[in-house]
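Residues in the sequence shown are numbered consecutively from 27, following the numbering used here. C-beta atoms are modelled at their ideal positions from N, C-alpha and C, and glycine is treated no differently. Keep in mind that this is a model prediction, so the values were computed, not measured. Take a look at the structure below.
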Amino acid sequence: MSQSSPADLKDMTIGFIGAGKMAQALASGFIASRVASVDKLFASAPSMESLQGIKEKINNINVTTNNKDIVRKNDVIIVAVKPNIVSQVLKEIAPVIRSENLIISVAAGIRIPAIEDPLPNGTRVVRVMPNTPCLVGAGASAYSLGTYAQSRDAETVNKLMSAVGLCEKVPESLIDAVVGVSGSGPAYMFVAIEALADGGVKAGLPRHLALKLAAQTLLGAGKMVMEIGAHPAELKDEVCSPGGTTIAAVHTLEKNGFRGALIDAVLESCNRSRELGN
Numbered sequence: 027m028s029q030s031s032p033a034d035l036k037d038m039t040i041g042f043i044g045a046g047k048m049a050q051a052l053a054s055g056f057i058a059s060r061v062a063s064v065d066k067l068f069a070s071a072p073s074m075e076s077l078q079g080i081k082e083k084i085n086n087i088n089v090t091t092n093n094k095d096i097v098r099k100n101d102v103i104i105v106a107v108k109p110n111i112v113s114q115v116l117k118e119i120a121p122v123i124r125s126e127n128l129i130i131s132v133a134a135g136i137r138i139p140a141i142e143d144p145l146p147n148g149t150r151v152v153r154v155m156p157n158t159p160c161l162v163g164a165g166a167s168a169y170s171l172g173t174y175a176q177s178r179d180a181e182t183v184n185k186l187m188s189a190v191g192l193c194e195k196v197p198e199s200l201i202d203a204v205v206g207v208s209g210s211g212p213a214y215m216f217v218a219i220e221a222l223a224d225g226g227v228k229a230g231l232p233r234h235l236a237l238k239l240a241a242q243t244l245l246g247a248g249k250m251v252m253e254i255g256a257h258p259a260e261l262k263d264e265v266c267s268p269g270g271t272t273i274a275a276v277h278t279l280e281k282n283g284f285r286g287a288l289i290d291a292v293l294e295s296c297n298r299s300r301e302l303g304n
């Protein structure tokens, strides 16, 4: 394809440089949402052994150990490697970048100038911060456009990422905060689910039931915030009857710094993202 646009996403080929958890989540999400078919997806990694995970998760995905082949054969290139090797990878693929390539980086902390600098002048770049729930179509992603990215690139990224969850365009200055809230956020919620389940087990529930109830509770609470549109404090107050069980529990959370711990976690993740970009 010479000029890709949102209208022809199904004809677009997508290549992942890096085949780890994020690449697997996005590729699986794209297939599940039918925004891409497996024959249009490619992935590269340093060895066939390191490609085993994505091959097991996604039958018949095209794989290679040659990063340049990913660029040569695909329209959209998603750079999904660890932040510390992004520069090395970009320098490697720079000689084969074509004007029709759209480069999407999902590496935490790596700023747009650092992505653009090793690439040919005029390369279209978009920085995206997704999260792993993209795997099940419930991701939360934010993106920022590079210097040469066009409106059609924004539409392409929006359509790709909206197919696997919520997608928002933000100034790059806010991406580190996005990392703290939604990029790292699933891990906080997994800890919360585990802790809720542990509490249930201590109170006498079977482990499998406690986990199901805890996970569904977080899912339902999030859905209420999104669909009802009320402030979380208002929804919380509606559950807290005078002298009841819930207000007693909320008191314990407040007394033990639950709210402050979450805020601190977001800020730590945000600051670490900034450090990675320096």
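Can you list, in chain order, the residues of its chain whose CB lies under 6 Å from that of residue i, leaving out five sequence neighbours each side?
i: A53; result: L67 and I84
i: S131; result: V105, I141 and R153
i: A240; result: I219, L222 and A223
i: I273; result: C266
Grab the span of the beta strand (DSSP E) containing residue i for me, first residue to last.
i: R20; result: Given a span of 27 to 304 for the chain in the structure shown, any question on residue 20 remains unanswerable.
i: A69; result: L67 to S70
Mind checking which residues open and close the alpha helix (DSSP H) that includes residue i?
i: Y174; result: No alpha helix (DSSP H) holds Y174; DSSP gives it neither H nor E.
i: E264; result: P258 to V265
i: V162; result: Neither: V162 is in no alpha helix (DSSP H) and is coded neither H nor E.
i: I273; result: T271 to K281
Between residue i and residue j, how many whole angstroms is the CB-CB distance? I'm expecting something under 8 Å.
i: L77; j: A45; result: 5 Å
i: V115; j: V105; result: 6 Å
i: S113; j: A140; result: 7 Å
i: K81; j: V89; result: 6 Å
i: M215; j: L244; result: 6 Å
Within its chain, find whatever has a CB closer than 7 Å to the CB of residue i; leave out the 5 residues flanking it on each side and keep chain order.
i: Q176; result: R150
i: V107; result: I43, G44, V115 and A133
So, are the CB atoms of residue i and residue j less than 8 Å apart?
i: L35; j: T182; result: yes
i: A69; j: I87; result: yes
i: K195; j: A180; result: yes
i: G172; j: I138; result: yes
i: C296; j: V205; result: yes
i: G163; j: P156; result: no
i: L128; j: D101; result: yes
i: Y169; j: G148; result: no
i: V61; j: A189; result: yes
i: G191; j: R300; result: no
i: G55; j: C193; result: no
i: P109; j: L293; result: no
i: S93; j: I119; result: The residue you asked about is not Ser; residue 93 is Asn in the sequence shown. Yes, these two residues count as a Cβ contact at 8 Å.
Who are the Cβ neighbours of residue i in its own chain at under 8 Å, not counting the five residues just before and after it?
i: L261; result: A247, M250, V251 and I254
Ignoring anything shorter than 3 residues or poking outside the region 180-240, list the beta strand (DSSP E) runs there in chain order.
-> The qualifying runs are 191-195.
Mind listing, in chain order, the continuous beta strand (DSSP E) runs of no fewer than 3 residues lying wholly within the region 41-104?
-> The region 41-104 is shown to contain whole beta strand (DSSP E) runs of 3 or more residues at 67-70 and 88-90, in chain order.
Taking only runs that begin and end inside the region 120-154, name each unbroken alpha helix (DSSP H) of 4 or more residues, in chain order.
-> Unbroken alpha helix (DSSP H) stretches of 4 residues or longer found wholly inside the region 120-154: 138-142, given in chain order.
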